[in-house]
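Chemist:
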């Protein structure tokens, strides 16, 4: 079969998307080639527009319109502006915002400590975090990281770094997820839920 | 949270890819926004290049370089050029070519009969199939369609249409897949394998 370089390049680029293997990328490419509604060009244009129109917020690291930087989350009135919620990535900020459960400011570390992937403390946005604590008069840092090994290590590291500052450090609660039952919970979740028990 | 129209548009376009739900599209979009190696623009450019450089072969329906149409599969010497292999889509042509098991010409119907999705005989490339049979001196049409209901209906329809032509009509064999065992085969596969038994 003849070599279709543009098709090969497309498959290679699609394969770089998260969770997309070569097979899926090939299927996507074929769908795009055959699509009669111009999906190929539509997708290309939305990518170009997003590349031009979307930026990382220079302050919190969230996604924002290129024209609005720092982003609205950083500049608009927030009831709990003295609380800074530290997350791993911009996607986490969107998640927490959608939950409606937080009214403070955000700070994305852009990663977590991971010796396996060569991510050290210097690769995380910790300097800017410290700068913001004083600049913005932050009185509480809420660590919203997961429960995997890297997130735990990152939390410990942050706790240590922040201990030198005059700031309260908290962490989101771990326990039974909403709608879940004891019956279906694993041992680790249950033991964390018991350890984190609260008076009622 | 502010409304990021370019991001929303990107998620919407990515959601139109096969097998990509809203959640996956959101994750892809966030990866693209955060990617520091310019994946967003790379992907956009490969899409534009593929849109410009790749076309459907006007003869067999396969994918081909825009500059080479009809495609090489249609024009280059093929040992069994008198056998025309009918498939559903261009992707099937690539699959069969990769198998190395066929040395004739191809013809993609661009679909299969499906009342549920409103695909009728007029939507398939049957007229061009009939024209090619006489134009190219085809002596055998090999139907390479699957075993689902729509493919069976399409095969029956083709058999009927082709019965008026002086051409042999064959269909690929169905039976145990390579490397499989009786133990793990389902009833339908086994009964087709027995029905299609061959002398040894």
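Protein chains in written order, with the numbering used here: chain Y, 1 to 200; chain C, 201 to 400.
Backbone N, C-alpha and C fix where the C-beta goes; we use that ideal spot for every residue, glycine too.
All values reported here derive from a predicted model rather than from experimental measurement.
1. Quick one: Cα of residue 368 of chain C to Cα of residue 285 of chain C, how far?
2. How about residue 232 of chain C and residue 240 of chain C: are their beta carbons less than 9 Å apart?
3. Which term fits residue 390 of chain C, buried or exposed, when burial requires 16 or more other beta carbons within 10 angstroms of its beta carbon?
4. Under 9 Å between C-beta atoms, does residue 219 of chain C make it to chain Y?
5. For residue 347 of chain C, which of helix, strand or coil comes out of DSSP?
6. Determine which residues share a DSSP beta bridge with residue 142 of chain Y and list them.
7. Residues of chain C with CB under 7 Å from residue 63 of chain Y, in chain order?
8. Does the beta-carbon distance from residue 365 of chain C to residue 330 of chain C come in below 9 Å?
9. Check whether the Cβ atoms of residue 310 of chain C and residue 289 of chain C sit closer than 9 Å, and answer yes or no.
10. What separation, rounded to the nearest whole angstrom, lies between the Cα atoms of residue 325 of chain C and residue 299 of chain C?
11. Can you tell me which residues form a DSSP beta bridge with residue 33 of chain Y?
12. Reducing DSSP to helix, strand and coil, say where residue 304 of chain C ends up.
13. Mind checking who residue 56 of chain Y pairs with in its DSSP beta bridge?
14. Are the Cβ atoms of residue 63 of chain Y and residue 144 of chain Y separated by less than 9 Å?
15. To be precise: take each residue of the region 233 to 257 of chain C, compare its Cβ to all Cβ atoms of chain Y, and keep it if any distance is under 9 Å. Which residues remain?
16. Could you check what DSSP says for residue 80 of chain Y in three-state terms: helix, strand or coil?
17. Residue 176 of chain C by DSSP, collapsed to three states: which one?
18. Does any residue of chain Y bring its CB to less than 9 Å from the CB of residue 365 of chain C?
19. Name the residue from Y:19, Y:13, Y:5 and Y:29 whose alpha carbon lies nearest to the alpha carbon of residue 253 of chain C.
20. Tell me, which residues are paired with residue 114 of chain Y by DSSP?
21. Look at the alpha carbon of residue 147 of chain Y and the alpha carbon of residue 220 of chain C, and state the distance between them as a whole number of angstroms.
22. Rounding to the nearest angstrom, what Cα-Cα distance links residue 251 of chain C and residue 210 of chain C in this structure?
23. Mind checking the region 343 to 377 of chain C against chain Y and listing, in chain order, the residues whose C-beta falls within less than 7 Å of any C-beta there?
24. Which residue's Cα is closest to the Cα of residue 258 of chain C: C:272, C:280 and C:350?
25. Spatial neighbours of residue 107 of chain Y within its chain, please: C-beta separation below 6 Å, excluding the five flanking residues on both sides.
26. Using 8 Å for Cβ pairs, my map puts residue 351 of chain C next to residue 392 of chain C. What's the rounded Cβ distance?
27. Throw me the rounded Cβ distance for the residue 30 of chain Y and residue 291 of chain C pair, which I believe falls under 8 Å.
28. If we ignore side chains and look at the alpha-carbon of each, how far apart do residue 25 of chain Y and residue 15 of chain Y end up?
29. Using 9 Å as the threshold, is the C-beta distance between residue 304 of chain C and residue 282 of chain C below it?
Modeler: Checking against the coordinates, here is how it stands:
1. Here residue 368 of chain C corresponds to residue number 168 of the second chain, with the count starting at 1. Here residue 285 of chain C corresponds to residue number 85 of the second chain, with the count starting at 1. Cα-Cα distance, rounded: 12 Å.
2. The residue labelled residue 232 of chain C in the question sits at position 32 within the second chain. The residue labelled residue 240 of chain C in the question sits at position 40 within the second chain. In contact: residue 232 of chain C and residue 240 of chain C (Cβ atoms closer than 9 Å).
3. Along the second chain, one-based indexing puts residue 390 of chain C at 190. Answer is exposed; the Cβ neighbour count stays below 16.
4. Sequence index remark: in the second chain, residue 219 of chain C carries index 19 (1-based). It does; some Cβ of chain Y falls within 9 Å.
5. For the purposes of this step, residue 347 of chain C is identified with residue 147 of the second chain, where counting begins at 1. Residue state, collapsed to three classes: coil.
6. Counted from its first residue, the first chain places residue 142 of chain Y at position 142. Y:85 and Y:170, per the DSSP bridge assignment.
7. Against the first chain, residue 63 of chain Y aligns to sequence position 63. Chain C residues near residue 63 of chain Y: 204, 207 and 233.
8. Numbered from its first residue, the second chain carries residue 365 of chain C at position 165. Numbered from its first residue, the second chain carries residue 330 of chain C at position 130. Yes; because the gap between Cβ atoms is below 9 Å, this pair is in contact.
9. Mapped onto the second chain, residue 310 of chain C falls at position 110. Mapped onto the second chain, residue 289 of chain C falls at position 89. It is a contact, given that the beta carbons lie within the stated cut-off.
10. Here the question's residue 325 of chain C lines up with position 125 in the second chain. Here the question's residue 299 of chain C lines up with position 99 in the second chain. If I take the Cα positions, the gap works out to 24 Å.
11. On the first chain, position 33 is the one that residue 33 of chain Y refers to. For residue 33 of chain Y, which the question treats as bridged, DSSP gives no partner whatsoever.
12. One-based indexing of the second chain puts residue 304 of chain C at position 104. Three-state result, residue 304 of chain C: strand.
13. Translated into positions along the first chain, residue 56 of chain Y becomes position 56. Answer is Y:63, bridged to residue 56 of chain Y.
14. Here residue 63 of chain Y corresponds to residue number 63 of the first chain, with the count starting at 1. Here residue 144 of chain Y corresponds to residue number 144 of the first chain, with the count starting at 1. No, they are not a contact pair.
15. 233, 234, 235, 237, 238, 239, 240, 241, 242, 243, 244, 245, 246, 247, 248, 249, 250, 251, 252, 253, 254, 255 and 256
16. Here residue 80 of chain Y is taken as the residue at index 80 of the first chain, counted from 1. Of the three classes helix, strand and coil, the one that applies to residue 80 of chain Y here is coil, per DSSP.
17. A question about residue 176 of chain C goes unanswered here, because the residues of chain C that appear run from 201 up to 400.
18. In the second chain, the residue the question calls residue 365 of chain C occupies position 165. With 9 Å as the cut-off, residue 365 of chain C does not count as an interface residue toward chain Y.
19. The residue you call residue 253 of chain C lines up with position 53 of the second chain. Residue 253 of chain C has its Cα closest to that of Y:5, out of Y:19, Y:13, Y:5 and Y:29.
20. Working through the first chain from its first residue, we reach residue 114 of chain Y at position 114. Residue 114 of chain Y pairs with Y:119.
21. Your numbering for residue 147 of chain Y matches position 147 in the first chain. Your numbering for residue 220 of chain C matches position 20 in the second chain. Residue 147 of chain Y and residue 220 of chain C: Cα-Cα distance of roughly 27 Å.
22. Position 51 of the second chain, counted from the start, is the residue given in the question as residue 251 of chain C. Position 10 of the second chain, counted from the start, is the residue given in the question as residue 210 of chain C. If you take the alpha carbons of residue 251 of chain C and residue 210 of chain C, they lie about 18 Å apart.
23. none
24. The residue you call residue 258 of chain C lines up with position 58 of the second chain. Looking at the Cα atoms, C:272 is the closest of the given residues.
25. Walking along the first chain from the start, residue 107 of chain Y turns up at place 107. Here the set comprises 60, 84, 86 and 129.
26. By one-based count along the second chain, residue 351 of chain C stands at place 151. By one-based count along the second chain, residue 392 of chain C stands at place 192. That pair is no contact at about 13 Å.
27. Mapped onto the first chain, residue 30 of chain Y falls at position 30. Mapped onto the second chain, residue 291 of chain C falls at position 91. Sure, about 4 Å apart at Cβ, within 8 Å.
28. Within the first chain, numbered from 1, the residue matching residue 25 of chain Y stands at position 25. Within the first chain, numbered from 1, the residue matching residue 15 of chain Y stands at position 15. Approximately 5 Å between the Cα atoms of the pair.
29. Locating residue 304 of chain C in the second chain gives position 104, where the first residue counts as 1. Locating residue 282 of chain C in the second chain gives position 82, where the first residue counts as 1. Yes, Cβ-Cβ distance for residue 304 of chain C and residue 282 of chain C is below 9 Å.
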